[in-house]
Structure formats: structure tokens, C-alpha cells
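Visitor: Can you read through this structure? Questions will come right after.
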């Protein structure tokens, strides 16, 4: 045990002394969360929207003025036909359309309620959500202000349609996605590189000649990255909750337990790569091409798996990050418990055991 | 020579990789406190033999005991009783001198007190007191290698294996390095050293030269020179190595 502690302490010296390692470890997750978070949400400013006003009455005109006064929206000329609206969407010129029905004001006066239709381009889900929320709150503001002077309150009902992606699949998917990416980078790449580095510098031989057990060498090398990855999970969740206002709906301990499982999967992968390769560059290349790319492609984080050709859908099943992505999304966003994700957890655990087994096996062969 | 004086005993030790015989039935013994030179051209089978003696790789056939322990079954005990320094520099560059000593002391299972005592002794001997908190990367190569050797014998092993320990170092520093080796040998540590420098070969008590996996000669430098009728070890080595069929 004392040997193990001496070893782990040494590993921390390595990590904390290397500025590039530190930057990747802690700079990258923060940068990714902020880039993914804000680059997407800030775009909502000055969004081009189209107003179709069939009513052309006082109420609709007032509301349009309100919307155009907002710094979030630029109102373009009003198209009148549904075809024109669709072609504007297709050309990507506009992000949303607000449609006032012909008898907007009359409905308000006689029935005390009226509908407004908001159609948003939901290919970019975050933006679509932001826009519809802003538009709805502008409408609510207007309604509240008018209602102050009335006995019988008006109700304006915004009816929202998300064009192209009605179920908003992948909403807020980037936080779980970034989590999978960051853990993958830290645990697979950094572990692989740090073990291969010892091979390159010749210190691995010295370690193997020492009475310290070879298997323990590997575990002692991986252990610090387990701790650092957990710190990264905490940092990402902190940013997500306090900076991006995306709360963790499910159980936090469960989320950490699942993250630990995924980290161990990644460490096993990293160890496997490090056993099979002898240079840091190759270890890095394999980690990036072999792990990072499939994660981007096949975890469902950037591209919906349902839309892929069938063979690719099958292929996506062997990517561990896909299962972790589903798990995190279920816990964080849907607030589900272990009973809903036990299948994914079991698959991930199985993959972990398999990877650990083959890396330990090839490590023994390697020693001969 | 007394039997219990022998710390390394090899009998027809052989390692095959498929059809390739890397080490071919080598038989020799090394005595306590001896400085044993293990020479041979690249690809002659030195590294393979050394890996078997360190317990890193299992022999295909033959017998060998290191410090009385069997290379097939008692590799754990062997590892506790040997030190090792490789041709590549084997300390951690981004750890300080002190941290390196603490780390290697730690994985060899020394107690905190032992590590402290050893550290003071070692820094005194090497004159490195003022550099103790500096990163190893900032030390000159000669110092690094002296430190590396001192760390390899930190746990007072019975045998220390040195794999081309002085590669790339100037003759003066090499001489100083050998002073350390003599000191260790005087303390009773057996030194098993491979080298390509023939001036270093002259410093050894006995020398063996490997050619194509076989141990061709084994004797003192003086005897070898008279046996081959030449004036320097260089010529002895050259005559033997010329007959080699494989290289790297």
C-alpha cells in the first residue's frame, strides 16, 4: 500500500508539473462547456423572424411593435402564403415565424382569448427553444400589461410548432455529450500517453525490474486520472448548473456512480492502447481517431442515430460513449433513476469488464 | 572459490523466440563483489540474457539462480535483491532529485526513516545537497547518471545490473562514474555491466564476450589480451566480433 501511495504521489507530480497536461485537463472541459453553451445560445440575438399578420388590427400591430423593439429579433417583411414561409425556412433566412390569425383582436374582445402561432426552425434545438421562449414571454408581458386595465382578463395563447424536429430530440444534449468527450480525452488519451511515456523514457523497465507488481504499476498509473476525471465531472456539472442554468434533475450520487463506471471503461481502453503501442504520438493518434471520432459520430451527441443507415446504427452499439450519453441524458435531463437505465449500465459494465480482461491479458503476454 | 560466494549462477541458459536463438546455452557464474563485464556487439543477445537474469523474461531452457533464487519460480525475490539502471536514462525528469529518491525508495518498500538516512548519505556522497530541490531535467547528464546509479543501489541490493550506463558521457565523467561502481563493489554489491566502451571493459574484474548468442570468452582483461596476443581490449573485441554472422 505504501508503495502504491508513493507511486500515486509521483503521478500527481507529473500531472501538476506539466502545463500542457493541466491545460487539457482543466482548460478543455471549461472551454468546451462555455463554447457549446454560449456559442449556441448567444446566436439568439438579432434573430431574423418573419411576421405574418392576417389580422392587421390594433392588438396585432401593438404586439408586433413590442417584438421588434426587442433586441433579440429583427422583423423581416411579412409573407402571406404558407409556401412563402416554408421556402424562407428552407433558405435558412429566418429562424421563426409569428402568425396572427385574421380575427386576432376580435377574438380578444369577444371571447377574451386569442391564439398566436409561433413556428420555429428546430434543427437547431437550443436556438429554437430560446426563440420560442422569448417570443412567448414578450406576448405574456403584453397580455399582462393590457390586463391591468380590464375586469375580464384577456388570454393570448401562443401555440408553438417546432418545425423539422417536433420532439426536440437532443435538446441540451451537449452537456452529456461534452461530458463523454472530456472523460474520454482525459481517461483514454492521457492515461495511454502517460504509460507510453514511461516506455519511451525507459523508466518502465526500471519499474518492471522493481518488486512493485506490474499490474499495480498499471493501476497506480490509472488511479490519478480516475480522481482527476471525477473532478472534471464535478466542474462540468457546476458550470452546467450555475452558468448554463441546466439543472441535474435526477440523483447526483447516481450520476457520479455512472460517471465512475464510464471513467473506468475509458481507463481500461487507455491501458489497452498503451500496451499495444510504443510511442506517445501513436497512442495519441489512436485515442483521437479511434475514440474521439466515434464518440462524436456515434454517441448521438451531434448526429441523431435514428437518422443513420441501419448498419451504422448497429455499429453505434459498440461505442461505449453512446451508452454513457444515454445514461447521463436520462439522469440529468429526464430525471430518471437506475430502474430506467439499468440496461445501459449493464452494457457499459460488461464492456468495462471485457476491456479490463483483454488489457490485463495482453499485458501479461507483453511481459514475456 | 567457495560455492556460497557465487551470486549469479547460469547453466546452459537459453532463450528462443520461435526459430531464433537469442541466447544459446550460456554458462557462467559471478562472485560476490565482482565487477563483471558483459560485452557483445548489438544483437549478440546481451539484452535478452540480462532480461532473463532480472526476472523480466522466462528462459526457454537451462538453469539460473540470482542471489540464490531461481529465475523460473522466484522472480519476486530476485526483484527485491537486484538493482537496475538502463541505457536510457532512468530517472523522472520532471521530478526533483529528492522526489526521485523518495519515489524509488518508496516502491522498493524502504521505510520513511531509511529513505531519509539514505537520501542524506547519497546527497553528501554525490555533492548534490544544494541541487536536492531542483528538477532532474536541469542537471547535467553526468550528474544524472551518477544519481541514477546511486538510486539503483539505494536499497542495498546484492547485485546491480547496469545496461550501458555511460552512453554519451565524456571520459572524465565516465571515470567518476566508475569510482562509484568501485565503491559499491567494495561494499559487497556485485556489479553486472554491459558496455560498448573498451576502456570501461578494462576496469572490470572479468569480462565475457557474447557472439551470436553464445558466450565466446570469459576471463580477466589481462588474460584475454595475452590469449589473443594483442595489446588492447579493443582488438580482442574486434577479432571476436568480426566472426559474428548476425547484426542488428
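Protein chains in written order, with our numbering: chain A, -11 to 356; chain B, 43 to 290. Each residue gets a CB set at the ideal place from its N, CA and C atoms; glycine is no exception.
1) Output needed in chain order: residues of the segment -4 to 16 of chain A with a Cβ under 9 Å from some Cβ in chain B.
2) Hey, quick one: how far does the beta strand (DSSP E) through residue 181 (chain B) stretch, first residue to last?
3) Does DSSP put residue 77 (chain B) in a helix, in a strand, or in coil?
4) So if I threshold CB-CB distances at 8 Å, which residues from the segment 181 to 201 of chain A count as touching chain B?
5) Count the other C-beta atoms from every protein chain shown that fall within 10 angstroms of the C-beta of residue 231 (chain A), then say buried if there are 16 or more, exposed otherwise.
6) So, is the C-beta of residue -7 (chain A) closer than 9 Å to a C-beta in chain B?
7) Is there a Cβ from chain A that is less than 9 Å from the Cβ of residue 60 (chain B)?
8) Could you pull the start and end residues of the beta strand (DSSP E) that residue 102 (chain A) belongs to?
9) Within 9 Å (strictly less), CB to CB, does residue 159 (chain A) reach chain B?
10) Anyone know if the C-beta pair for residue 88 (chain A) and residue 129 (chain A) falls short of 9 Å?
11) For residue 150 (chain B), which residues in chain A fall below 7 Å Cβ to Cβ?
12) Chain A partners of residue 173 (chain B), CB-CB under 8 Å?
13) With a Cβ-Cβ cutoff of 9 Å, do residue 127 (chain A) and residue 146 (chain A) count as a contact?
14) At 8 Å on the CB atoms, spell out the chain B contacts of residue -10 (chain A), in chain order.
15) What residues are listed by DSSP as bridge partners for residue 71 (chain A)?
16) Are any of the Cβ atoms in chain A nearer than 9 Å to that of residue 219 (chain B)?
17) Per the DSSP calculation, residue 106 (chain B) is bridged to which residue(s)?
18) Pairs of beta-carbons, one from the segment 109 to 122 of chain B and one from the segment 63 to 72 of chain B, closer than 8 Å: are there three or more?
19) Residue 342 (chain A) bridges to which residues according to DSSP?
20) Count the other CB atoms, across all protein chains shown, that sit within 10 Å of the CB of residue 137 (chain A); report buried if there are 16 or more and exposed otherwise.
21) Give me whichever residues DSSP pairs with residue 286 (chain A) in a beta bridge.
22) What residue from B:186, B:183, B:230 and B:217 has the CA that sits closest to residue 202 (chain B)'s CA?
23) Kindly list, in the order they appear in chain A, the residues whose Cβ is closer than 8 Å to that of residue 191 (chain B).
24) List the endpoints of the continuous beta strand (DSSP E) containing residue 232 (chain B).
25) Would you call residue 330 (chain A) buried or exposed, if buried means 16 or more other Cβ atoms sit within 10 Å of its Cβ?
26) Just curious, the beta strand (DSSP E) that residue 40 (chain A) is in, first and last residue?
27) Are the Cβ atoms of residue 148 (chain A) and residue 108 (chain A) separated by less than 9 Å?
28) For residue 50 (chain A), which residues of its own chain have a beta-carbon under 8 Å away from its beta-carbon, when the five flanking residues on both sides are left out?
29) Roughly how many angstroms separate the alpha carbons of residue 298 (chain B) and residue 99 (chain B), rounded to a whole number?
30) If contacts are defined as beta-carbon pairs under 8 Å, then residue 127 (chain B) and residue 194 (chain B) qualify, I think. What distance do you get, rounded to the angstrom?
31) Looking only at its chain, what residues have a beta carbon closer than 7 Å to the beta carbon of residue 56 (chain A), apart from the 5 residues adjacent to it on each side?
32) Could you name the residues that DSSP lists as bridge partners for residue 88 (chain A)?
33) Could you list which residues in chain A have their beta carbon closer than 9 Å to that of residue 136 (chain B), in chain order?
34) Please list, in chain order, the chain A residues whose beta carbon lies closer than 8 Å to that of residue 145 (chain B).
35) Suppose contacts are defined by Cβ-Cβ distances below 9 Å. Is residue 106 (chain A) in contact with residue 125 (chain A) by that definition?
36) Determine, using beta-carbon pairs with one atom in the segment 181 to 200 of chain B and one in the segment 146 to 162 of chain B, whether at least three such pairs fall under 8 Å.
Guide: Reading from the atomic positions:
1) Within the segment -4 to 16 of chain A, the qualifying residues are -3, -2, 1, 2, 5 and 6.
2) Counted from its first residue, the second chain places residue 181 (chain B) at position 139. Taken as a continuous stretch (DSSP letters only), residue 181 (chain B) belongs to no beta strand (DSSP E), as it is neither H nor E.
3) Here residue 77 (chain B) corresponds to residue number 35 of the second chain, with the count starting at 1. Look at residue 77 (chain B) here: in three-state DSSP terms it is strand.
4) Residues passing the 8 Å Cβ filter: 189, 190, 191, 193, 194, 195, 196, 197, 198, 199 and 200.
5) Taking the first residue of the first chain as position 1, residue 231 (chain A) is located at position 243. It counts as exposed.
6) Here residue -7 (chain A) refers to the residue found at position 5 when the first chain is read from its first residue. Residue -7 (chain A) counts as touching chain B.
7) Walking along the second chain from the start, residue 60 (chain B) turns up at place 18. Judged by the 9 Å Cβ criterion, residue 60 (chain B) is not in contact with chain A.
8) The residue given as residue 102 (chain A) occupies position 114 in the first chain. 101 to 109 is the span of the beta strand (DSSP E), which, as asked, contains residue 102 (chain A).
9) What you label residue 159 (chain A) is simply residue 171 of the first chain in a count that begins at 1. Note on residue 159 (chain A): pLDDT 45, under 50, position unreliable in the model; the coordinate value appears next. No - not a single Cβ of chain B is within 9 Å of the one on residue 159 (chain A).
10) Here the question's residue 88 (chain A) lines up with position 100 in the first chain. Here the question's residue 129 (chain A) lines up with position 141 in the first chain. It is not a contact, given that the beta carbons lie outside the stated cut-off.
11) Here the question's residue 150 (chain B) lines up with position 108 in the second chain. Ordered by position in chain A, the residues that pass the 7 Å Cβ test against residue 150 (chain B) are 198 and 199.
12) As a first step, residue 173 (chain B) must be located in the second chain, where it is residue number 131. Within 8 Å Cβ-Cβ: nothing; residue 173 (chain B) doesn't reach chain A, min ~17 Å.
13) Working through the first chain from its first residue, we reach residue 127 (chain A) at position 139. Working through the first chain from its first residue, we reach residue 146 (chain A) at position 158. For residue 127 (chain A) and residue 146 (chain A), yes; Cβs fall inside 9 Å.
14) As a first step, residue -10 (chain A) must be located in the first chain, where it is residue number 2. By Cβ distance, chain B contributes 148 and 151.
15) In the first chain, residue 71 (chain A) corresponds to position 83, counting from 1. Partner(s): none; residue 71 (chain A) has no beta bridge.
16) Reading the second chain from its first residue, position 177 is the one you call residue 219 (chain B). Nearest CB-CB separation between residue 219 (chain B) and chain A: not below the 9 Å threshold.
17) Counting from 1 along the second chain, the entry for residue 106 (chain B) is found at position 64. According to DSSP, which records beta bridges pairwise, residue 106 (chain B) is partnered with B:52.
18) In short, these stretches do not touch, since the Cβ pair count stays below three.
19) Along the first chain, read from residue 1 onward, the residue named residue 342 (chain A) stands at position 354. Paired residues: none, contrary to the question.
20) As a position in the first chain, residue 137 (chain A) is number 149, starting the count at 1. The C-beta of residue 137 (chain A) has fewer than 16 other C-beta atoms within 10 Å across all chains shown, which makes the residue exposed.
21) What you label residue 286 (chain A) is simply residue 298 of the first chain in a count that begins at 1. Residue 286 (chain A) is not bridged to any residue.
22) Translated into positions along the second chain, residue 202 (chain B) becomes position 160. Relative to residue 202 (chain B), the option among B:186, B:183, B:230 and B:217 whose CA is nearest is B:230.
23) Position 149 of the second chain holds residue 191 (chain B). Within chain A, not a single residue places a beta-carbon under 8 Å from that of residue 191 (chain B); the smallest gap is close to 12 Å.
24) Here residue 232 (chain B) is taken as the residue at index 190 of the second chain, counted from 1. Element bounds for residue 232 (chain B): 232 to 236.
25) Sequence index remark: in the first chain, residue 330 (chain A) carries index 342 (1-based). Classification of residue 330 (chain A): exposed, given that the 10 Å Cβ count is below 16.
26) The residue labelled residue 40 (chain A) in the question sits at position 52 within the first chain. Counting along the chain, the unbroken beta strand (DSSP E) around residue 40 (chain A) starts and ends at 35 to 41.
27) Taking the first residue of the first chain as 1, we reach residue 148 (chain A) at position 160. Taking the first residue of the first chain as 1, we reach residue 108 (chain A) at position 120. Yes; because the gap between Cβ atoms is below 9 Å, this pair is in contact.
28) Counted from its first residue, the first chain places residue 50 (chain A) at position 62. Counting only Cβ-Cβ distances below 8 Å, and skipping sequence neighbours, we find 130.
29) As shown, chain B starts at 43 and ends at 290. That puts residue 298 (chain B) outside it, with no answer to give.
30) The sequence position of residue 127 (chain B) within the second chain is 85, counting from 1. The sequence position of residue 194 (chain B) within the second chain is 152, counting from 1. Between the beta-carbon of residue 127 (chain B) and that of residue 194 (chain B) there is about 4 Å, and that keeps the pair under the 8 Å contact cut.
31) Numbered from 1 along the first chain, position 68 holds the residue referred to as residue 56 (chain A). So the list reads 63, once near-sequence residues are dropped.
32) Locating residue 88 (chain A) in the first chain gives position 100, where the first residue counts as 1. Paired residues: A:41.
33) As a first step, residue 136 (chain B) must be located in the second chain, where it is residue number 94. Near residue 136 (chain B) (Cβ distances below 9 Å), the residues of chain A are 1, 2, 5 and 6.
34) Start at 1 with the first residue of the second chain, and residue 145 (chain B) comes out as number 103. Under the 8 Å cutoff, chain A gives -6, -5, -3 and -2.
35) Here residue 106 (chain A) is taken as the residue at index 118 of the first chain, counted from 1. Here residue 125 (chain A) is taken as the residue at index 137 of the first chain, counted from 1. With contacts defined by Cβ atoms closer than 9 Å, residue 106 (chain A) and residue 125 (chain A) do not form a contacting pair.
36) Counting Cβ pairs under 8 Å, three or more are found: they touch.
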